[in-house]
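Numbering (our numbering), first residue to last: 514 to 644.
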């Protein structure tokens, strides 16, 4: 289980590191490199309740590059809720800070393994703002 939690934590932190750099305009990562973290059919329910599909995310992502200079994204409290053949359900807390503004959210993510079983891919994400 230790190796599994390390793998899950690494993937969550790595994607948020890439997204933070993208939003700050500091990322040399290509759009396809970012999207390689997501499984076909990925969707998320954002903290405000808006549903975003992979296609929608892919469409809007280029316009968001450099849109949030100074953004800091931090990940805490990663836990594995359930494992099953081919996937993992995990839970974590995300803190976003930009200037004086700070938001926190709980997130539940469903990971599925890629066909080669060498990478966890984001399949579904549900976010809830902390009050």
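C-beta: ideal position from N, C-alpha, C; glycine also. Quick caveat, the model's predicted, so the values are computed rather than measured.
Q | residue 547 in three-state terms, based on DSSP | A | Start at 1 with the first residue of the chain shown, and residue 547 comes out as number 34. Helix, per DSSP.
Q. In whole angstroms, what separates the C-alpha of residue 547 from that of residue 528?
A. The residue given as residue 547 occupies position 34 in the chain shown. The residue given as residue 528 occupies position 15 in the chain shown. The straight-line gap from Cα to Cα measures roughly 8 angstroms.
Q.
Can you check which of these residues, 557, 589 and 523, is closest to residue 565 by C-alpha distance?
A. Position 52 of the chain shown, counted from the first residue, corresponds to residue 565. Comparing Cα-Cα distances from residue 565 to each of 557, 589 and 523, the minimum goes to 557.
Q) In the stretch 536-587, which residue ranges form an unbroken beta strand (DSSP E) of at least 3 residues, counting only runs that do not cross its ends? A) 551-558 and 564-566
Q: Over the uninterrupted beta strand (DSSP E) stretch that includes residue 640, give me the two end residues.
A: Here residue 640 refers to the residue found at position 127 of the chain shown. Run containing residue 640: 633-642, per the beta strand (DSSP E) assignment.
Q) Closest to residue 495 by CA distance: which of 559, 605 and 615 is it? A) No information on residue 495 is available, as it lies outside the stretch 514 to 644 that the chain covers here.
Q. Taking one C-beta from the stretch 572-587 and one from the stretch 605-623 each time, how about it: are there three or more such pairs within less than 8 angstroms?
A. yes
**Q.** Among 629, 531, 552 and 560, nearest to residue 642 - alpha-carbon criterion
**A.** The residue you call residue 642 lines up with position 129 of the chain shown. For the residues 629, 531, 552 and 560, the minimum Cα distance to residue 642 belongs to 560.
Q: With DSSP collapsed to three states, give me the class of residue 630.
A: Locating residue 630 in the chain shown gives position 117, counting from the first residue. In the structure shown, residue 630 sits in coil (DSSP, three-state: anything other than H, G, I, E or B).
Q) Span of the beta strand (DSSP E) holding residue 607? A) The residue labelled residue 607 in the question sits at position 94 within the chain shown. It spans 600-611 - the beta strand (DSSP E) in which residue 607 sits, taken as one unbroken run.
**Q.** CA-to-CA distance, residue 640 to residue 520, given in whole angstroms
**A.** Indexing the chain shown from 1 puts residue 520 at position 7. Indexing the chain shown from 1 puts residue 640 at position 127. Near 21 angstroms, if we compare the C-alpha coordinates of residue 640 and residue 520.
(Q) According to DSSP, simplified to helix, strand and coil, what is residue 533? (A) Residue 533 sits at position 20 when you count from the first residue of the chain shown. DSSP places residue 533 in helix when its eight states are reduced to three.
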